[in-house]
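So the structure is just underneath, and the comments pick up after that.
There are 2 protein chains.
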Amino acid sequence: MFMGHHIHKIDARDRLSIPVRMREELYRGGREHPIITVGFEKCLFLYPMERWKNFSEEAESLKTSREDSRKIERFLFANASECPFDSQGRILVAKHLLDYAQLNKDVVIIGVRNRIELWDKSEWETQSMLIRKTVLDVSENIDGFSI
Amino acid sequence: MFMGHHIHKIDARDRLSIPVRMREELYRGGREHPIITVGFEKCLFLYPMERWKNFSEEAESLKTSREDSRKIERFLFANASECPFDSQGRILVAKHLLDYAQLNKDVVIIGVRNRIELWDKSEWETQSMLIRKTVLDVSENIDGFSI
DNA sequence: GTAAATTATGGGTAGATGTGGGTAAAAGTG
DNA sequence: CACTTTTACCCACATCTACCCATAATTTAC
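Here it is, written out as structure tokens:
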């Protein structure tokens with residue numbers, strides 16, 4: 505399970521080191537490299553290969569005959585790529601992914617249960633403020649959900 | 505079950521020792537480390553892992569394809585982190601959590617049934633005064649609660 | 001009431017981790 | 001093929017963290 509958040513820096517060569525804990529979790533269940541792809545909202549998703557395979561099996565059931573399905577398939581798969589680590593535990597973030605999530609130097613790496621998300625720091629700050637407000641309102645009105 | 509309150513000090517290295525009773529209770533039902541996360545109001549929540557897993561199973565049913573679900577997932581997981589004890593029975597409180605709850609040197613550690621809460625001492629004093637004043641009114645409005 | 005044990009608090013230090021950069025091999029380009 | 005650009009691997013170093021020990025304060029045992 506992925507949790508927590510860390511602020512790391514992307515260096516001048518577009519490398520980003522991933523916290524050790526998360527690195528280990530990314531490789532649990534096999535030695536195959538994780539997958540990085542575009543995320544919903546302005547962020548990137550990072551999955552263990554095992555999870556990615558599950559996902560793409562689920563996607564199998566999407567009807568290619570439906571336009572929406574084709575769109576989602578193209579979005580997620582065309583932008584996905586294998587994501588090996590260098591010997592220092594860093595990944596190399598491709599240019600088109602940097603652009604998509606508008607990552608600058610400071611990147612927030614957050615664990616979200618079965619995936620990792622990469623956010624530009626300032627983007628995450630506004631986003632998490634917004635979330636905090638929404639969740640507090642929402643949680644007052646939702647039964648069976650308590651923290 | 506967690507009860508009572510203690511006043512402890514956070515040291516210069518952001519370590520906070522947890523009362524032994526509570527420490528034992530935090531590890532009941534397994535040897536996995538507890539989870540610390542942001543709480544409602546200006547405080548932090550500390551859960552036994554077992555309890556935390558219940559939450560995350562509830563969250564399991566959330567569909568990542570829905571925006572509200574993504575928000576809740578992010579809120580729950582990004583703010584949480586594993587919380588191991590050092591050999592002296594202290595936890596290390598991350599900077600962002602200190603900021604969130606505005607903890608200074610004196611911290612009040614209170615037991616609240618299935619969780620522990622960490623409050624800044626002065627914040628807790630005002631809060632508990634407020635609670636004392638309003639508890640009579642509040643209890644009128646809550647069903648399924650009798651003492 | 002006193003001694004012994006437990007608990008809270010402070011700090012030193014070796015090793016782990018995050019960050020930056022050099023360089024040679026590999027890949028792309030004309 | 002010669003040249004430029006990219007990539008993979010190496011080392012360097014500053015910072016952080018986990019673990020250790022020390023001591024003060026408190027509780028428990030007798």
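Top line first, the protein sequences correspond to chains A and B. Counting the first sequence from 1 gives a position; our numbering is that position plus 504. Counting the second sequence from 1 gives a position; our numbering is that position plus 504. Beta carbons are placed, not taken as given, at the ideal position from N, Cα and C, and that holds for glycine. Remember, it's a predicted structure, so these values are computed and weren't measured experimentally.
Just how far apart, CA to CA, sit residue i and residue j?
i             : j             : result
residue 648/A : residue 596/A : With a pLDDT of only 48 at residue 648/A, under 50, the local geometry of the prediction cannot be trusted, and the value read off the model is given with reservation. Whole-angstrom Cα-Cα distance: 41 Å.
residue 633/A : residue 639/A : 10 Å
residue 571/B : residue 599/B : 29 Å
residue 546/B : residue 535/A : 42 Å
residue 510/B : residue 511/A : 32 Å
residue 614/A : residue 514/A : 15 Å
residue 610/A : residue 650/B : 51 Å
residue 583/B : residue 548/B : 10 Å
residue 518/A : residue 588/B : 33 Å
residue 516/A : residue 607/A : 12 Å
If you reduce the DSSP assignment to three classes, tell me which class residue i lands in.
i             : result
residue 610/A : strand
residue 589/B : coil
residue 549/A : strand
residue 543/B : coil
residue 626/A : helix
residue 596/A : strand
residue 521/A : strand
residue 637/A : helix
residue 536/B : coil
residue 646/B : coil
Do the CB positions of residue i and residue j come within less than 7 Å of each other?
i             : j             : result
residue 551/A : residue 617/A : no
residue 507/A : residue 585/B : yes
residue 621/A : residue 533/A : no
residue 635/A : residue 559/B : no
Give a yes or no on contact between the stretch 592-606 of chain A and the stretch 537-544 of chain B, applying the rule of three or more CB pairs nearer than 8 Å.
no
Could you say if the stretch 552-568 of chain B and the stretch 599-606 of chain B meet the contact criterion of at least three C-beta pairs nearer than 8 Å?
no
Chain A contacts made by the stretch 571-592 of chain B, where a contact means CB separation under 9 Å
571, 572, 574, 575, 576, 577, 578, 579, 580, 581, 582, 583, 584, 585 and 586
Three or more C-beta pairs under 8 Å: does that hold for the stretch 573-584 of chain B against the stretch 612-628 of chain B?
no
Listed from N- to C-terminal order along the chain, which residues in the stretch 621-638 of chain A have their beta-carbon within a distance smaller than 9 Å of any beta-carbon of chain B?
621, 628, 631, 632, 634, 635, 636 and 638
Identify each residue in the stretch 551-573 of chain B for which the Cβ-Cβ distance to at least one residue of chain A is less than 7 Å, and report them in chain order.
559, 560, 562 and 563
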